[in-house]
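Here's the structure, in structure tokens; my notes come after.
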DNA sequence: ACCTGAACACCGTTCAAGT
DNA sequence: ACCTGAACACCGTTCAAGT
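Residue numbers (the working numbering), protein chains in the order written: chain A, 893 to 1099; chain B, 893 to 1099.
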């Protein structure tokens, strides 16, 4: 009864000026995020958009919803890439598919300053956040990861969500430095070598 | 001329009530950190200590100095442990020494909530913070790490500071969950396997 | 000298008034 | 319905007044 109405309202707001405000807010937020990271002050975003702060809060009740709206269909794209790479496993190998996708994921994390912090609760298990439109992506990653395990490309005693959390964390570790991306890549390569390390003696690393 | 005076003043404040206030502030801060993490509000710390907020700021101008004061000689202890383990390399092996020390480091990071965030700038290179009394520890870690590289226990294309940043980040990734320590241990073990992974074909992991 | 806590500055969010 | 921005709540820091 009310479900279709809500869907319609969310998809296409009634008035033209409301759509225009939403568009302006998204553009302003993207610009502010690019310059100051996802923690850019609401007042600045509203000022850039030429609207009052109240309008910002009316359109996007909390920061997560604003960030997600700016991100748009990025998570869908990442899911599609994961599915595409799953098909490519047969020819290119499961490990290559894994690292290729994680490069894309790392690139996504580097979009704005503060993305790693923003995503941390979402990647926890059980997730603290309601999943922010990235459920499908996470599921696709799980499939890709499981395939790599089944093909013997990576060790079996690792969990898919762990790796995402770790990649996110390694990005966080280097943020704010001029060579952040380069250093995060290096740390990720190290982690991935650990992931494909095959134990020959049954002894766990560490203690 | 003025250096000895300053040292004397820092070591033993003139008045008894000043020493008492400092002691109370440290006890209160430790308690507040334990309950609410290192970001515990100054007002709460002052209230617990039974002093005004101004007294807190007089004794500890910024939060980093308060955290470091509460930490006390922990960094010296960690440095001593690193030196001790350096001597033990001959008998127990360099890799075991490395992982043992990193376990201690990880344990240190778990002392209070928010420790990872607090330490991140300090572990950057070039360090953003003035080194917070952990220079000696970092130097000792460098020695332990170099020894492990020379003995062939770990790969040569890794940097000591990288690993510390990564271990810090992996702790950050799991903080706030009931099984944070356990999960951080698991991720660290993965990273360490990557660290001792010896390339047999010259091909780097990932692209 | 040192301590106090009101005052100040700042920032995120809400909501009464206006269109 | 939606928009505005002053008002509110909150929190970290400072500093004039007091001891």
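Where is the CB? At the ideal position from N, CA and C, for every residue including glycine.
Please read these numbers as outputs of a predicted model, since none were measured by experiment.
Proximity test, residue 1025 of chain A beta-carbon vs the ligand NAP heavy atom, cut-off 7 angstroms: Among the components modelled here there is no ligand, and therefore nothing to report on the ligand NAP.
Short CB-CB distance (under 8 angstroms) between residue 1086 of chain B and chain A: Numbered from its first residue, the second chain carries residue 1086 of chain B at position 194. Closer than 8 angstroms to some Cβ of chain A, the Cβ of residue 1086 of chain B qualifies, so yes.
Span of the alpha helix (DSSP H) around residue 1017 of chain B: Here residue 1017 of chain B refers to the residue found at position 125 of the second chain. From DSSP, residue 1017 of chain B is part of no alpha helix (DSSP H); its letter is neither H nor E.
Short CB-CB distance (under 8 angstroms) between residue 1034 of chain B and chain A: Position 142 of the second chain, counted from the first residue, corresponds to residue 1034 of chain B. So no, residue 1034 of chain B is outside the interface.
Every unbroken beta strand (DSSP E) inside the segment 899-948 of chain A [3 residues or more]: Secondary structure in the segment 899-948 of chain A: no beta strand (DSSP E) run of 3 residues or longer lies completely within the stretch.
Residue 1082 of chain B to residue 1083 of chain A span [Cα, whole Å]: Taking the second chain and counting its residues from 1, the one referred to as residue 1082 of chain B is at position 190. Taking the first chain and counting its residues from 1, the one referred to as residue 1083 of chain A is at position 191. Computed Cα separation, rounded: 6 angstroms.
Local Cβ density within 10 Å of residue 915 of chain A, reported as buried at 16 or more and exposed below that: Locating residue 915 of chain A in the first chain gives position 23, counting from the first residue. By the Cβ neighbour-count rule, residue 915 of chain A is exposed, with fewer than 16 other Cβ atoms within 10 Å of its own.
Selection from B:1080, B:1056, B:966, B:917 that minimises the alpha carbon distance to residue 945 of chain B: Position 53 of the second chain, counted from the start, is the residue given in the question as residue 945 of chain B. The shortest Cα separation from residue 945 of chain B among B:1080, B:1056, B:966, B:917 belongs to B:917.
Distance, residue 1016 of chain A Cα to residue 1000 of chain A Cα: Position 108 of the first chain, counting from 1, holds the residue named residue 1000 of chain A. Position 124 of the first chain, counting from 1, holds the residue named residue 1016 of chain A. Straight-line Cα distance between these residues: approximately 18 angstroms.
Beta carbon proximity, residue 1100 of chain B to chain A, threshold 8 angstroms: Because chain B spans 893 through 1099 in this model, residue 1100 of chain B falls outside it and cannot be assessed.
Under 9 angstroms by beta carbon: chain B residues contacting residue 969 of chain A: Translated into the one-based positions of the first chain, residue 969 of chain A becomes position 77. Chain B residues near residue 969 of chain A: none, gap ~19 angstroms exceeds 9 angstroms.
Touch test, the segment 1056-1067 of chain A against the segment 1001-1016 of chain A, Cβ-Cβ under 8 angstroms, three pairs minimum: Counting C-beta pairs with one atom in each stretch, the segment 1056-1067 of chain A and the segment 1001-1016 of chain A have three or more that are closer than 8 angstroms, which means they touch.
Spatial distance of residue 1055 of chain A from residue 988 of chain A (CA atoms): Numbered from its first residue, the first chain carries residue 1055 of chain A at position 163. Numbered from its first residue, the first chain carries residue 988 of chain A at position 96. A direct Cα-to-Cα measurement between residue 1055 of chain A and residue 988 of chain A gives close to 15 angstroms.
Cα-Cα separation, residue 912 of chain A to residue 963 of chain A: Your numbering for residue 912 of chain A matches position 20 in the first chain. Your numbering for residue 963 of chain A matches position 71 in the first chain. Residue 912 of chain A and residue 963 of chain A: Cα-Cα distance of roughly 18 angstroms.
Buried/exposed call for residue 942 of chain B, threshold 16 Cβ in 10 Å: As a working mapping, residue 942 of chain B is identified with position 50 in the second chain. Exposed.
Alpha-carbon spacing of residue 971 of chain B relative to residue 1039 of chain A, whole angstroms: Within the second chain, numbered from 1, the residue matching residue 971 of chain B stands at position 79. Within the first chain, numbered from 1, the residue matching residue 1039 of chain A stands at position 147. Going from the Cα of residue 971 of chain B to the Cα of residue 1039 of chain A covers about 44 angstroms.
Own chain partners of residue 1021 of chain B with C-beta closer than 6 angstroms, once the 5 adjacent residues on each side are dropped: Numbered from 1 along the second chain, position 129 holds the residue referred to as residue 1021 of chain B. Closer than 6 angstroms at Cβ, skipping near neighbours: 1013, 1014.
Separation of residue 985 of chain B from residue 1032 of chain B, as counted between CA atoms: Within the second chain, residue 1032 of chain B is the residue found at index 140, counting from 1. Within the second chain, residue 985 of chain B is the residue found at index 93, counting from 1. So the two alpha carbons sit approximately 17 angstroms from each other.
Status (buried if at least 16 other CB within 10 Å, exposed otherwise) for residue 967 of chain A: Your numbering for residue 967 of chain A matches position 75 in the first chain. So residue 967 of chain A ends up on the buried side.
Backbone CA spacing between residue 983 of chain B and residue 1060 of chain B [nearest angstrom]: Position 91 of the second chain, counted from the first residue, corresponds to residue 983 of chain B. Position 168 of the second chain, counted from the first residue, corresponds to residue 1060 of chain B. Cα to Cα, the separation comes out at about 28 angstroms.
CA nearest to the CA of residue 926 of chain A, picked from A:1045, A:1003, A:1085: Here residue 926 of chain A corresponds to residue number 34 of the first chain, with the count starting at 1. Residue A:1003 is the option with its Cα nearest to residue 926 of chain A.
Residues within the segment 958-989 of chain A neighbouring chain B, beta-carbon criterion of under 9 angstroms: Residues 987, 988.
Alpha helix (DSSP H) segment containing residue 1078 of chain A, residue limits: The residue given as residue 1078 of chain A occupies position 186 in the first chain. For residue 1078 of chain A, the uninterrupted alpha helix (DSSP H) segment begins and ends at 1072-1088.
Beta-carbon contacts of residue 929 of chain A that lie in its chain and below 7 angstroms, excluding the five residues immediately before and after: Walking along the first chain from the start, residue 929 of chain A turns up at place 37. Within the same chain, residue 929 of chain A has close Cβ partners 1004, 1005, 1006.
Residue 1097 of chain B in three-state terms, based on DSSP: Position 205 of the second chain, counted from the first residue, corresponds to residue 1097 of chain B. Because the pLDDT of residue 1097 of chain B is 40, which lies under 50, any placement of that residue in the model is unreliable, and the question is left without a value.
Contacts around residue 1089 of chain A, its chain only, beta-carbon distance under 7 angstroms, and the 5 residues preceding and following it disregarded: Your numbering for residue 1089 of chain A matches position 197 in the first chain. These residues qualify, in order along the chain: 1047.
Sequence-distant residues of the same chain with beta carbon closer than 7 angstroms to residue 1073 of chain A, five excluded per side: Counting from one through the first chain, the residue named residue 1073 of chain A turns up at place 181. Same-chain partners within the cutoff: 1002.
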